[in-house]
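Each residue of the sequence shown is one higher than the last, beginning at 196 in the working numbering. See structure below.
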Amino acid sequence: YSLPLRDREQTPSLASGRSDRLAIHLDDQELCPRYAGAVADVKIGPSPGWLTARLHAAGVRPISNIVDITNYVNLEIGQPMHAFDLAKLAGPEIRVRRAKRGESIVTLDDVERKLDPDMLVIADSDRAQAIAGVMGGAASEVSASTTAIVLESAYFKPSSVRRTSKRLGLKTEASARFERGADIGAQVRAIERAAALIAQIGAGRIAVPVVDCYPQPRGPVRIVLRRTRLGQLLGAQVPDGDVERILRALGLDVRANADGWETVAPTFRVDLLREADLIEEVGRHYGFDRLDATFPVAPAPAPAPDPRIARDQAVRRVMTAAGASEAITFAFIEAKAAEPFASVLGGAMPVAVANPLSAKFDTLRPLLLPGLVDAVAHNRRHGRRDVRLFEIGTRFAPDGETRALGVAWTGNAAAEHWSGGARDVDFFDVKGVAERVCDALGVGVRCEPASQPFLVAGQTASIVVDDGPARGEAIGLIGQVSPAIADARGLPRHDRVFVVELNLDRLAAVRAPASDAARPIPRYPFVVRDVSIVVADSLPAEIIRGTIHGAARAVPAPLAAISFFDRYQGKGVPEGAVSLSIRLTFQSSERTLTDAEVQQSFETILGALVREHGAVQR
196 YSLPLRDREQ TPSLASGRSD RLAIHLDDQE LCPRYAGAVA DVKIGPSPGW
246 LTARLHAAGV RPISNIVDIT NYVNLEIGQP MHAFDLAKLA GPEIRVRRAK
296 RGESIVTLDD VERKLDPDML VIADSDRAQA IAGVMGGAAS EVSASTTAIV
346 LESAYFKPSS VRRTSKRLGL KTEASARFER GADIGAQVRA IERAAALIAQ
396 IGAGRIAVPV VDCYPQPRGP VRIVLRRTRL GQLLGAQVPD GDVERILRAL
446 GLDVRANADG WETVAPTFRV DLLREADLIE EVGRHYGFDR LDATFPVAPA
496 PAPAPDPRIA RDQAVRRVMT AAGASEAITF AFIEAKAAEP FASVLGGAMP
546 VAVANPLSAK FDTLRPLLLP GLVDAVAHNR RHGRRDVRLF EIGTRFAPDG
596 ETRALGVAWT GNAAAEHWSG GARDVDFFDV KGVAERVCDA LGVGVRCEPA
646 SQPFLVAGQT ASIVVDDGPA RGEAIGLIGQ VSPAIADARG LPRHDRVFVV
696 ELNLDRLAAV RAPASDAARP IPRYPFVVRD VSIVVADSLP AEIIRGTIHG
746 AARAVPAPLA AISFFDRYQG KGVPEGAVSL SIRLTFQSSE RTLTDAEVQQ
796 SFETILGALV REHGAVQR
C-alpha cells in the first residue's frame, strides 16, 4: 500500500500543428470531439522478442511491428489506435463522418458489412476506410509492402460505439474500451508513445507535426467533496488526512477548504463525475470493513395508507358474514368464454393477450363472472350443492382497468337447520347481499330492470346509485346466469346460479364523506299508515319506492321508512295486475306530528302513485 507509481521511460513530446502530408476534418463533433493523427515512414517486419512476449502474456496475437505497437499502446495506456496504409488512401485526407445510406465496408476480418446512416466512419475522399471505434477496413490494411502509415488516435462517443458494435454484431478490444469511455486527454500522448516505440525498435520515424483536431477542448471535471456529506453516506467520519491521502493517490488534485475539499479529477477517470463517486472511492480505499454497522438515522415516514385496502377489507367482512368463501380466479380466460360477457364493454372487444401461453388464456377478463361461474361449476362437479363464492379482483377493458366485486351463489339460501324450511336461493337473496356491500361502503343504491345476454330476462337488474351527485349512475349488475351460459361452462341444467358484480372503484368515488357525528335516538313518536294498491304486475317495486320518495320531499310529515309487506295476485285482482301492500312510517326529530299532517302527507303520496302509475287503492 501507498507505494509510489513508477512511471515508464520519459516519452519525447511531439509538436502539434498543420501538416502537408495529412489533413483531418471532423464532420460530426458530437460523436467524435477529438481526433489526432500523424504520418510515419516505416519498415514493416516482425516485432522484437520482448514485445511479442508481452503481447502473448496479455492474450494478443502478434501480427507485425507497427500493428503490434498500436495494440501494445492500447494495453499500456488504454487508448485504442489504428494504422492506415497511406498509399492506399485516396489522398492525404482523413474525414470523420456518418456513413452514407447504402454504404458498406469490408473490414479486417474480410466480412462485408452494411452501414447505417447513424454509424460513424473514418473515410478518405472516396469511401469509408474504418468503422469508428470498432474495426478498420481491409482496403487500407497495413501489409508487408507498406512504407508510410497514418496513425489514428481518437475519442469516440461511448453510446455511438456501443450502438454500432451491437448492431453489426462485432465486438473488438477497441470497441470494448471506447464503450466504457476512453481518456479524452490521451490521444496525442498515445501517438507520442507509439512514435517512441517505433524509434526504439528501429521500425521507422514519425513525420512531425502531429495533427490534433480538437475544436472544443473539454476542461477537467471539478468536484466538491463536503465533509458532512461524506459522513452521511458512509455512516462514519473518515479522518481528513486519510481522505486527502486516498484522493491524491488516485491522481486527483486536492485542495482543502472549510467545508471539505475541492478536487480536480484526472481525465482518465471517466467514472468520477459527482460527489458520490468520490465518497465511494474514499470508502473503498479506507475500507468498508472499518465502518461501523449502524441503522439509518433518518426516520423513514410511514407510507400513506391505501384507501383501497380498507375498502376491500370492509367488503370481505360483509361477504364472509353472508357465508361466502373468497375465490381467486385467473385474469386470463379463453376468448370463447369472454364473448358472452363482452356486452358490458359497450360494443368494444375484450382485450386480447399479445403473446398468450395457451389458447385457454388468450383474453383478459371483462368481468369477474366468467371465472366465478367456472369455479361454481368445478364445485358442483365435485359434489357440492350449495356454493357461495365471491372475488375481489381486477377486470379489464380497452380503456383501462377497474377493481370489482363478483359474487356467484347457487343452492340453498341458508344453511340447513333441524327445524327444516330450506329453500333455494333467489334473486332477492343476492340483491340483499349487494345492498349490504353498498351500505358498508356508504352508498345508497336501488335496482332497475336491465337486460344482458348472459343473464335470464326478467331476472336481471342494474344496480344504480340512489343519492348524491352520482344519482342514477350504474355501478353494477345482478341476475341469474342464463341456461345457455351455465350449460356451456359445465353446470347442471337444473341449477339456478345468481350473480352480482359491483364496480368498487366507482363505489369508492361516489360515496359521501363519512360523518362521525352521533345522531340522538328519536324522542318523538312515529306514525304508521298502511296502504294496498293495485298496479300493473310489470311495474318494479323499486320504481314505486322512487315515486314515494320523490313525493315525500314536499310533504309536511317527514317520511322515515318504506316497506313492502305483501304481494297478492288472484281473486279480486284484475289479470295482469298485482296488489302491493306498503307500510309508510312518518316521524319527525323535532316535534310530535299531528294527525292532519300525517293524513295530508299520506294523501300526497297516494296521489303521486295514482297520477304516475295509475294505482288503484283497495
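Positions of the beta carbon are idealized from the N, C-alpha and C atoms, including for glycine. Quantities reported herein were computed from a predicted structural model and do not represent experimental measurements.
Spatial neighbours of arginine 469 within its chain, please: CB distance less than 8 Å, with the 5 preceding and 5 following residues excluded, ordered by chain position. To locate residue 469, count along the sequence shown from 1; it is residue 274. Excluding sequence neighbours, arginine 469 sits near Ile418.
The alpha helix (DSSP H) that contains threonine 247, what's its start and end? Your numbering for residue 247 matches position 52 in the sequence shown. Where threonine 247 is concerned, the enclosing alpha helix (DSSP H) stretches over 244-252.
Residues sharing a beta bridge with tryptophan 456, DSSP: The residue labelled residue 456 in the question sits at position 261 within the sequence shown. For tryptophan 456, which the question treats as bridged, DSSP gives the partners Leu420, Ala451.
Three or more beta-carbon pairs under 8 Å between the region 729-737 and the region 616-636, yes or no? no
contact_flag[the region 283-293, the region 307-323] where n(CB pairs < 8 Å) is 3 or more: yes
Could you give the DSSP three-state label for glutamate 368: helix, strand or coil? For the purposes of this step, residue 368 is taken as the residue at position 173 of the sequence shown. DSSP places glutamate 368 in helix when its eight states are reduced to three.
On a Cα-Cα basis, can you pick out the residue from Leu686, Ala749, Asp223, Glu336 that is closest to aspartate 569? Locating residue 569 in the sequence shown gives position 374, where the first residue counts as 1. With distances taken between Cα atoms, aspartate 569 lies closest to Leu686.
Where threonine 789 sits in the DSSP three-state scheme: Indexing the sequence shown from 1 puts residue 789 at position 594. Coil at threonine 789, not helix or strand.
Residue range of the unbroken alpha helix (DSSP H) whose run includes cysteine 633: Within the sequence shown, numbered from 1, the residue matching residue 633 stands at position 438. That run of the alpha helix (DSSP H) goes 622-635.
Taking the alpha-carbon of aspartate 407 as reference, which of Pro353, Ile219, Val768, Tyr763 has the nearest alpha-carbon? Taking the sequence shown and counting its residues from 1, the one referred to as residue 407 is at position 212. Out of Pro353, Ile219, Val768, Tyr763, Ile219 has the C-alpha closest to the C-alpha of aspartate 407.
In this structure, does DSSP put aspartate 501 in helix, strand or coil? What you label residue 501 is simply residue 306 of the sequence shown in a count that begins at 1. In this structure, aspartate 501 counts as coil in the three-state DSSP scheme.
Neighbourhood of glycine 601 by C-beta, 6 Å cutoff - its chain only, sequence neighbours within 5 removed: The residue given as residue 601 occupies position 406 in the sequence shown. Leu563, Leu564, Leu567, Glu586, Glu696, listed in sequence order.
Alanine 543: CB within 8 Å of a non-hydrogen atom of the ligand GTP: Absent from the structure shown: the ligand GTP. Ligands present: none.
Hey, how far is the Cα of valine 659 from the Cα of alanine 652? Numbered from 1 along the sequence shown, position 464 holds the residue referred to as residue 659. Numbered from 1 along the sequence shown, position 457 holds the residue referred to as residue 652. Rounded to whole angstroms, valine 659 to alanine 652 spans 18 Å at the Cα level.
So leucine 209 and proline 404 are in contact, right, with Cβ under 8 Å, and what is the actual spacing, rounded? On the sequence shown, residue 209 is found 14 positions in, with the first residue counted as 1. On the sequence shown, residue 404 is found 209 positions in, with the first residue counted as 1. Confirmed, Cβ separation roughly 7 Å.
Separation of lysine 366 from aspartate 305, as counted between CA atoms: By 1-based counting over the sequence shown, the position of residue 305 is 110. By 1-based counting over the sequence shown, the position of residue 366 is 171. Roughly 15 Å between the two C-alpha positions.
Could you say which of Ala554, Asp311, Tyr230, Gly397 lies nearest to threonine 359 if we only look at CA atoms? Here residue 359 refers to the residue found at position 164 when the sequence shown is read from its first residue. That would be Asp311, whose Cα lies nearest to the Cα of threonine 359.
If you reduce the DSSP assignment to three classes, tell me which class phenylalanine 556 lands in. Residue mapping note: residue 556 aligns to position 361 of the sequence shown, counting from 1. Residue state, collapsed to three classes: helix.
Quick check for students: name the residue ranges of the alpha helix (DSSP H) that lie wholly in the region 378-417, counting only runs of 4 or more. 382-395
Per DSSP, which one or two residues make a beta bridge with asparagine 607? By one-based count along the sequence shown, residue 607 stands at place 412. Bridge partners of asparagine 607: Asp619.
Rounded distance between the beta-carbons of glutamate 347 and histidine 251, thought under 8 Å: To locate residue 251, count along the sequence shown from 1; it is residue 56. To locate residue 347, count along the sequence shown from 1; it is residue 152. Rounded, the Cβ-Cβ distance is 25 Å, inconsistent with contact.
Residues bridged to aspartate 725 by DSSP? For this step, residue 725 is matched to residue 530 along the sequence shown. Paired residues: Arg778.
The region 235-243 / the region 395-404 touching (three or more Cβ pairs under 8 Å): yes
Local conformation of arginine 229 per DSSP, three classes: As a position in the sequence shown, residue 229 is number 34, starting the count at 1. Strand at arginine 229.
Tell me the DSSP secondary structure of valine 571 in three-state form. The residue given as residue 571 occupies position 376 in the sequence shown. Helix.
In angstroms, rounded to a whole number, what distance separates the CA positions of alanine 629 and alanine 656? Counting from 1 along the sequence shown, the entry for residue 629 is found at position 434. Counting from 1 along the sequence shown, the entry for residue 656 is found at position 461. Cα-Cα distance, rounded: 12 Å.
Would you tell me roughly how many angstroms separate the C-alpha atoms of proline 496 and phenylalanine 490, rounded to the nearest one? One-based indexing of the sequence shown puts residue 496 at position 301. One-based indexing of the sequence shown puts residue 490 at position 295. Distance between the alpha carbons of proline 496 and phenylalanine 490 is about 15 Å.
Cutoff 6 Å; reference glycine 478; Cβ partners in own chain excluding five residues on either side: As a first step, residue 478 must be located in the sequence shown, where it is residue number 283. Its chain contains Leu429 as the residues whose beta carbon lies nearer than 6 Å to that of glycine 478, once the 5 sequence neighbours on both sides are disregarded; these appear in chain order.
If you draw a straight line from the alpha carbon of glycine 674 to that of alanine 749, how long is it in whole angstroms? Numbered from its first residue, the sequence shown carries residue 674 at position 479. Numbered from its first residue, the sequence shown carries residue 749 at position 554. If you take the alpha carbons of glycine 674 and alanine 749, they lie about 35 Å apart.
Rounded straight-line distance, which links the Cα of aspartate 725 to that of isoleucine 757: Position 562 of the sequence shown, counting from 1, holds the residue named residue 757. Position 530 of the sequence shown, counting from 1, holds the residue named residue 725. Taking the straight line from one Cα to the other gives about 10 Å.
Within its chain, find whatever has a CB closer than 6 Å to the CB of arginine 195; leave out the 5 residues flanking it on each side and keep chain order. The chain is shown only over 196 to 813; residue 195 falls outside these bounds and no answer can be derived.
Following the continuous alpha helix (DSSP H) through glycine 741, name the residue where it begins and the one where it ends. On the sequence shown, residue 741 is found 546 positions in, with the first residue counted as 1. That run of the alpha helix (DSSP H) goes 736-747.
For the alpha helix (DSSP H) containing tyrosine 267, name the first residue and the last one. Taking the sequence shown and counting its residues from 1, one reaches residue 267 at position 72. 260-272 is the extent of the alpha helix (DSSP H) around tyrosine 267.
Determine the closest residue to arginine 740 out of Arg375, Phe759, Arg201, Lys555, with distance taken between C-alpha atoms. Translated into positions along the sequence shown, residue 740 becomes position 545. With distances taken between Cα atoms, arginine 740 lies closest to Phe759.
Kindly identify the DSSP beta-bridge partner or partners of arginine 641. Position 446 of the sequence shown, counted from the first residue, corresponds to residue 641. DSSP, once it has assigned bridges, lists Val659 as partnering arginine 641.
Please go through the same chain and pick out, in chain order, the residues whose beta-carbon is closer than 6 Å to the beta-carbon of isoleucine 743, but skip the five residues on each side of it. Numbered from 1 along the sequence shown, position 548 holds the residue referred to as residue 743. So the qualifying residues of the chain are Ile757, Ile800.
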